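One structure is given here, and the rest of the page talks about it.
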Ligand code: UD1
Ligand code: MG
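Numbering (our numbering), first residue to last: 844 to 1296.
Here it is in structure tokens:
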């Protein structure tokens, strides 16, 4: 085992020109989280690791993302993008005096799994000084080729541009992920030169230099899908697809039914219980938890919401941040819930807006009910008691409280609190004129006949 905690250096200095974006490449999202966020999450699975992120000049947004997600990580600036070895050396203050393993990750390679990274550590434990994550490339063009003997022994990495026609036939490629357990990694890195076709300092040259010093180098293989690097929007979409396929599989393996898994979109942090049924075309934004036995009907959109056990949601429901639904709640078609706690068994089955407030257990919210939560300046709360019944097409003008078991007559605009057990009605008294319809028809028919003469 390594003697000290590992240092993980995440390279994020690339400009990402091909994204054609004002946003730095590594902040583009896969499954609702930045690619950098995915890589920071991977780094956090390595026990005791300290993290260094290398950014380009002026990448303040990247810096901000690092301090938001990994406040303990140190950020270093690589002034000139002169190669991956130079990028690692930008983190020199973190490397100085560091005696544990060093792992290099790319911030634009968001799909690597924790198990794969630990396999790299195993290769170091087995006696290698350098371990490189390799993959069989469908199309190896552009990648560094791994020159090996036997299954695992690595002799060198040859960059595409610098390789011979023979070497270019090699399909085993460098993912970019490397791990080092060397007595003097800095000594190796500072010996790397730039006499190559790109005039760059290649981190991959560390393999040959370390071997010349007597270290062993090994390759650890992983599927190509895991090491997809994102350079363009279409590769971002491929990464999203791979991520979604994996997540859907995991959700199903854990006991949820997805009728048409290819139409369900999950987020990096979606939690789905067992015996949950999810119909086609459901989108989970970040921060959603679904408890056991809930049923999600087709065409729903969720974000920042908690769905209780046995709840029945949709079709066509929208749950926004702060929607917290208790057990057996029913939220039906075209109902939007935002920042509302809904008690056990409560129902809002059709066409309603529930924004800011609470609904007591067993309450029934009729079709067309609106929580009028916003006065153009401030948001206000609507609090509905247990077992209350809100008649259809009611407007509840917040701030407002409807007591336990109270009734609101349909069509009411409620502006004052309603006591428990009371009926509140706010509408004109109904008038009825007997035999009126026949007289009316007769009169109108006469008028029409007079006009057509
Ligand atoms: C690199 C590897 C190659 C590997 C490939 C996998 C080297 C020399 N080559 O090539 O063997 O097959 O990745 O995708 O390492 N970066 C910096 N500063 C720099 C240069 C790069 O931070 O000065 C970062 C980039 O933002 C990127 C990563 O390092 O995240 C890789 O750089 P890139 O230029 O894409 O290297 P490749 O030529 O693709
Ligand atoms: Mg690249």
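Using N, Cα and C, we set each Cβ at its ideal position, and we do this for glycine too. Nothing here was measured: the structure is a model prediction, and the numbers come from that model.
Option in the options with minimal Cα separation from residue i
i	options	result
residue 1115	1101, 982, 1123	1101
residue 931	1020, 977, 1289	1020
residue 1157	1143, 951, 953	1143
residue 998	983, 1016, 1068	1016
residue 1210	1191, 1273, 1117, 1042	1191
residue 1224	1250, 1255, 1194, 1259	1259
residue 1005	1043, 1126, 1182, 1276	1043
residue 1162	1134, 1089, 1135, 1126	1126
residue 874	1123, 1108, 984, 949	1108
residue 880	893, 890, 853	853
residue 1266	1272, 1278, 878, 1249	1249
residue 899	1281, 929, 945, 1096	929
residue 1172	1194, 1149, 1159	1149
residue 943	1170, 967, 1194	967
residue 1219	1241, 1120, 1212	1241
residue 1138	1060, 1123, 1035	1123
residue 925	1041, 1160, 1166	1041
Residues sharing a beta bridge with residue i, DSSP
i	result
residue 1132	1114, 1149
residue 855	898
residue 1144	1126, 1161
residue 1138	1120, 1155
residue 1244	1226
residue 1010	Bridge partners of residue 1010: none, in fact.
residue 1108	1126
residue 1201	1184, 1226
residue 1044	Paired residue(s): none; residue 1044 is not in a bridge.
residue 1258	In DSSP, residue 1258 forms no bridge with anything.
residue 1089	Answer is none; residue 1089 lacks a bridge partner.
residue 1276	In DSSP, residue 1276 forms no bridge with anything.
Coarse secondary structure for residue i, derived from DSSP in three states
i	result
residue 1288	helix
residue 909	helix
residue 1018	strand
residue 1282	helix
residue 876	strand
residue 844	Bear in mind that a pLDDT of 48 at residue 844, under 50, signals an unreliable position, so the model cannot answer this.
residue 1173	strand
residue 1081	helix
residue 1208	strand
residue 941	coil
residue 1181	strand
residue 904	helix
residue 1061	strand
residue 955	coil
residue 1035	coil
residue 977	strand
residue 871	coil
residue 887	coil
residue 1073	coil
residue 1293	helix
residue 861	helix
Assumed close pair residue i, residue j - CB separation to whole angstroms, cut-off 8 Å
i	j	result
residue 882	residue 905	Not confirmed; about 12 Å, so no contact.
residue 1058	residue 972	3 Å
residue 1068	residue 963	Actually they do not touch by this definition, with Cβ atoms about 17 Å apart.
residue 1186	residue 1229	7 Å
residue 1071	residue 1052	Incorrect: roughly 28 Å between the Cβ atoms, too far for contact.
residue 991	residue 1062	6 Å
residue 1028	residue 1013	Their Cβ separation, rounded to whole angstroms, is 26 Å, which puts residue 1028 and residue 1013 out of contact at 8 Å.
residue 1110	residue 1133	With 8 Å as the limit, residue 1110 and residue 1133 do not qualify as a contact, their Cβ atoms being about 12 Å apart.
residue 1238	residue 1256	5 Å
residue 1180	residue 1194	That belief does not hold up - the Cβ atoms of residue 1180 and residue 1194 are roughly 13 Å apart, past 8 Å.
residue 1022	residue 974	5 Å
Contact test: residue i Cβ vs the ligand UD1 heavy atom, cutoff 7 Å
i	result
residue 1002	yes
residue 1037	no
residue 1018	yes
residue 951	yes
residue 1237	no
residue 1087	no
residue 854	yes
residue 995	no
residue 1119	no
residue 887	no
residue 987	yes
residue 897	yes
residue 930	yes
residue 927	yes
residue 883	no
Residue i: CB within 7 Å of a non-hydrogen atom of the ligand MG
i	result
residue 1072	yes
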